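Numbering of the sequence shown is given in UniProt numbering, commencing with residue 1 and proceeding in unit increments.
One structure is given below, encoded as structure tokens.
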Amino acid sequence: MKKSILFLIMVMISTTSVFAQKTAKVEFSETVFNFGNIAEADGDATCKFVFKNTGKVPLIITRASASCGCTKPEYPEAPIAPGKTGEIRVTYHAKGRPGAFQKNVYIYTNANPEKYTLLIKGTVIPESKKK
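Written as structure tokens, this is what we have:
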């Protein structure tokens, strides 16, 4: 009887670990984007972060947020199939924000880990003022 219970427990543990591995997994080609110098007069600056779902199930991005209202992330709403790629577009609103900047963008998914952090940085060159 004890052997039967022990065998049953071992089967349950091994089955659970097999099922636990079937998750989405995200691999970003880059997690930092440096805009360099941006002319304030040009207004918005946009970059993209390319990623791949290297997991076994479709990747779902549930939301994206930024550390500041001056930064706007956009992400695909449709699930990303295993082996497929997608992109996160990030726009920085440079107008009225001269100087160096560094902003975080947070991506929330059904993957493991659930949260990913991307970083944008650069320097906004102020508009020259006419006298």
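Ideal Cβ positions, reconstructed from N, Cα and C, are used throughout, including at glycine.
Keep in mind that this is a model prediction, so the values were computed, not measured.
Which of helix, strand or coil DSSP assigns to residue i
| i | result |
| --- | --- |
| E30 | coil |
| A24 | coil |
| A78 | coil |
| A111 | coil |
| T16 | With a pLDDT of 49 at T16, under the threshold of 50, the predicted position of this residue should be treated as unreliable, though the coordinate-derived value follows. If DSSP states are grouped into helix, strand and coil, T16 belongs with the helices. |
Closest residue to residue i among the options (Cα-Cα distance)
| i | options | result |
| --- | --- | --- |
| P73 | T91, S67, V50, A81 | T91 |
| N104 | C68, S128, T85 | C68 |
| A64 | S29, E40, E114, A41 | E114 |
| E70 | G96, N53, P79, E77 | A small correction: the amino acid at residue 70 is Cys; Glu does not occupy that position in the sequence shown. Selected option, being the one with the closest Cα: G96. |
| Y75 | G36, G83, L118, T123 | L118 |
| D42 | A66, P82, A94, F49 | A94 |
| A45 | E27, Y116, K121 | K121 |
| A81 | E40, T123, K52, T31 | K52 |
| T54 | P98, C47, V124, T23 | T23 |
Residue i - partner residues in DSSP beta bridges
| i | result |
| --- | --- |
| P73 | V90 |
| A100 | T123 |
| V57 | Paired residue(s): none; V57 is not in a bridge. |
| A39 | I125 |
Boundaries of the beta strand (DSSP E) in which residue i is found, first to last residue
| i | result |
| --- | --- |
| N53 | 44 to 53 |
| I61 | 61 to 66 |
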